[in-house]
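Undergrad: Per the working numbering, residue 81 is the first one in the sequence shown, and the count goes up by one each step.
Where is the CB? At the ideal position from N, CA and C, for every residue including glycine.
Structure below; questions to follow.
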Amino acid sequence: MGAAASTPSIQPIFIINDRNGSEQQLRLNEQLDQYNAACIASAPNRSAAPTVEPSDSPADIYEKMKSIELEPWIRDKIRGTNISFFLDGLPHTREYATIWLPYHICENDRSFIKVMKHEAIHIHQRIYGSVWKEIYETVFNMKPWNGKLPAELDGKRRLNPDTILWPLYSWNNRVPVMVYIRPDVPRLTETRLVWYNIADNSWNLAAPKGWTDFFGTDAASICEHPNEMAAYFLTEAPTSPAMKDIADNLLATLRFKFS
Numbered sequence: 081m082g083a084a085a086s087t088p089s090i091q092p093i094f095i096i097n098d099r100n101g102s103e104q105q106l107r108l109n110e111q112l113d114q115y116n117a118a119c120i121a122s123a124p125n126r127s128a129a130p131t132v133e134p135s136d137s138p139a140d141i142y143e144k145m146k147s148i149e150l151e152p153w154i155r156d157k158i159r160g161t162n163i164s165f166f167l168d169g170l171p172h173t174r175e176y177a178t179i180w181l182p183y184h185i186c187e188n189d190r191s192f193i194k195v196m197k198h199e200a201i202h203i204h205q206r207i208y209g210s211v212w213k214e215i216y217e218t219v220f221n222m223k224p225w226n227g228k229l230p231a232e233l234d235g236k237r238r239l240n241p242d243t244i245l246w247p248l249y250s251w252n253n254r255v256p257v258m259v260y261i262r263p264d265v266p267r268l269t270e271t272r273l274v275w276y277n278i279a280d281n282s283w284n285l286a287a288p289k290g291w292t293d294f295f296g297t298d299a300a301s302i303c304e305h306p307n308e309m310a311a312y313f314l315t316e317a318p319t320s321p322a323m324k325d326i327a328d329n330l331l332a333t334l335r336f337k338f339s
């Protein structure tokens, strides 16, 4: 979709689903992105991915939502986003425009606000994917890579619902890939980042030369994919001058394109 300015809709930004609504939303999500089907087809992801059990929303969710403040470039572009809750797991998004939150996330106000802002950015990425792809090339110097990973590496890869419909990305001929530490006993939280070298078909744990100087971090949880990098840079305090420069450039670009 394009990024032309428009008059903000009177439609609410977020639509809170009850359990029945969430069950229906989950079926629609799977029809659109087939994330669960992809997990079933991958042995480690089949074992590690939890079964999503939709739940009712917390009683105080509407009061909690009042604390969510979003800039106009994102707020006015994601109206109608569904929010569904499930019993346990990691926050994530699904197609089309659905945020899934573990029920317990509302117990900590600070965590709830941070997670909501992070996931709202993922929704924006879903809706305006073509614009974000341009931004990744101009701001991050990252390009989509549609090649095929070696079977040994691909067999360890952790699938991410926030990036399931996106290609992998390369930077200076290296592709970050999140893999399970123990693919034989996989756990979603027990992963590490490896860097696949397109040129010689090898991979290792070291970030490519110049990466940390450019981005200001090589933290595995951040560098998995530009979708995750962007959400982190826009919601977390920078830990280095380079990270601040990237975050400032990214935010300025988004404000310009979506104002």
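Could you please give me the residues that DSSP links to PHE165 through a beta bridge?
TA: Within the sequence shown, numbered from 1, the residue matching residue 165 stands at position 85. DSSP, once it has assigned bridges, lists SER135, LEU181 as partnering PHE165.
Undergrad: Taking the alpha-carbon positions, what's the ASN284 to VAL274 distance?
TA: Along the sequence shown, one-based indexing puts residue 284 at 204. Along the sequence shown, one-based indexing puts residue 274 at 194. Each residue's alpha carbon lies about 5 Å from the other.
Undergrad: Taking 8 Å as the cut-off, does the region 298 to 305 touch the region 245 to 256 (at least 3 CB pairs, one atom from each stretch)?
TA: Yes, they touch.
Undergrad: Between ARG99 and the rest of its own chain, which residues show a CB-CB distance below 7 Å, the 5 nearest in sequence each way excluded?
TA: Stepping through the sequence shown from its first residue, residue 99 is reached at position 19. So the list reads PRO134, SER135, ASP136, once near-sequence residues are dropped.
Undergrad: Out of PRO318, LEU239, ASN329, PRO230, point me to the one whose CA is closest to PRO124's CA.
TA: Translated into positions along the sequence shown, residue 124 becomes position 44. Comparing Cα positions, the closest option is LEU239.
Undergrad: Out of ALA129, ALA300, PRO247, which one is the CA nearest neighbour of THR271?
TA: Residue 271 sits at position 191 when you count from the first residue of the sequence shown. Closest by alpha carbon: ALA300.
Undergrad: Measuring only the C-alpha atoms, how far is PRO321 from ASN329?
TA: As a working note, residue 321 is residue 241 in the sequence shown. As a working note, residue 329 is residue 249 in the sequence shown. Rounded to whole angstroms, PRO321 to ASN329 spans 12 Å at the Cα level.
Undergrad: Check whether the region 208 to 219 touches the region 229 to 236, counting contact only when three or more Cβ pairs, one atom from each stretch, lie closer than 8 Å.
TA: Not touching, per the Cβ criterion.
Undergrad: Between the C-alpha atoms of ILE96 and LYS144, what's the straight-line distance to the nearest angstrom?
TA: In the sequence shown, the residue the question calls residue 96 occupies position 16. In the sequence shown, the residue the question calls residue 144 occupies position 64. ILE96 and LYS144: Cα-Cα distance of roughly 12 Å.
Undergrad: Nearest to ALA295 by CA position, among ILE278, SER282, PHE313, ALA279, is which residue?
TA: The residue labelled residue 295 in the question sits at position 215 within the sequence shown. Before going on, a small fix: residue 295 reads as Phe here, not Ala. When only C-alpha atoms are compared, the closest one is PHE313.
Undergrad: Kindly identify the DSSP beta-bridge partner or partners of ARG272.
TA: Here residue 272 refers to the residue found at position 192 of the sequence shown. Answer is VAL259, bridged to ARG272.
Undergrad: Is the distance from the Cβ of PRO130 to the Cβ of GLY169 below 8 Å?
TA: Within the sequence shown, residue 130 is the residue found at index 50, counting from 1. Within the sequence shown, residue 169 is the residue found at index 89, counting from 1. Yes.
Undergrad: Count the other C-beta atoms from every protein chain shown that fall within 10 angstroms of the C-beta of PRO171, then say buried if there are 16 or more, exposed otherwise.
TA: Locating residue 171 in the sequence shown gives position 91, counting from the first residue. So PRO171 ends up on the buried side.
Undergrad: Return yes when the Cβ of THR243 is within less than 8 Å of the Cβ of ARG340, no when it is not.
TA: Because residue 340 is not part of the residues shown, which for the chain are 81 to 339, the question remains open.
Undergrad: Determine the burial state of LEU334: buried for a count of at least 16 other Cβ atoms within 10 Å of its Cβ, exposed for fewer.
TA: One-based indexing of the sequence shown puts residue 334 at position 254. Classification of LEU334: buried, given that the 10 Å Cβ count is 16 or more.
Undergrad: Among the residues of its own chain, which have a CB less than 6 Å from the CB of TYR216, if the five just before and after it don't count?
TA: For this step, residue 216 is matched to residue 136 along the sequence shown. Correct list, in chain order: MET222, PRO306.
Undergrad: I'd like the span of the alpha helix (DSSP H) that includes LEU285, first residue to last.
TA: Counting from 1 along the sequence shown, the entry for residue 285 is found at position 205. Looking at the DSSP string, LEU285 is not in any alpha helix (DSSP H), and its letter there is neither H nor E.
Undergrad: Is SER127 closer than 8 Å to GLY318 when the C-beta atoms are compared?
TA: Translated into the one-based positions of the sequence shown, residue 318 becomes position 238. Translated into the one-based positions of the sequence shown, residue 127 becomes position 47. A small fix is needed here, since residue 318 is Pro in this sequence, not Gly. The answer is no: Cβ separation not under 8 Å.
Undergrad: To the nearest angstrom, how far is the alpha carbon of PHE336 from that of LYS194?
TA: For the purposes of this step, residue 336 is taken as residue 256 along the sequence shown, with counting starting at 1. For the purposes of this step, residue 194 is taken as residue 114 along the sequence shown, with counting starting at 1. Each residue's alpha carbon lies about 23 Å from the other.
Undergrad: Identify whether TRP246 lies in helix, strand or coil by the three-state DSSP scheme.
TA: Taking the first residue of the sequence shown as 1, we reach residue 246 at position 166. Three-state DSSP puts TRP246 in coil, outside helix and strand.
Undergrad: So TRP291 packs on TRP251, CB below 8 Å; how close in whole Å?
TA: As a position in the sequence shown, residue 291 is number 211, starting the count at 1. As a position in the sequence shown, residue 251 is number 171, starting the count at 1. Yes, TRP291 and TRP251 are in contact; Cβ-Cβ is about 7 Å, under 8 Å.
Undergrad: Does the separation of the CB atoms of SER122 and ASP189 fall below 8 Å?
TA: Residue numbering aside, residue 122 sits at position 42 when the sequence shown is read from its first letter. Residue numbering aside, residue 189 sits at position 109 when the sequence shown is read from its first letter. No, Cβ-Cβ distance for SER122 and ASP189 is not below 8 Å.
Undergrad: Along the chain, where does the alpha helix (DSSP H) containing LYS223 start, and where does it finish?
TA: By 1-based counting over the sequence shown, the position of residue 223 is 143. From DSSP, LYS223 is part of no alpha helix (DSSP H) but of the beta strand (DSSP E) over 223 to 225.
Undergrad: Give the straight-line distance between the Cα atoms of GLU149 and ASP280, rounded to the nearest whole angstrom.
TA: Against the sequence shown, residue 149 aligns to sequence position 69. Against the sequence shown, residue 280 aligns to sequence position 200. One C-alpha to the other measures close to 46 Å.
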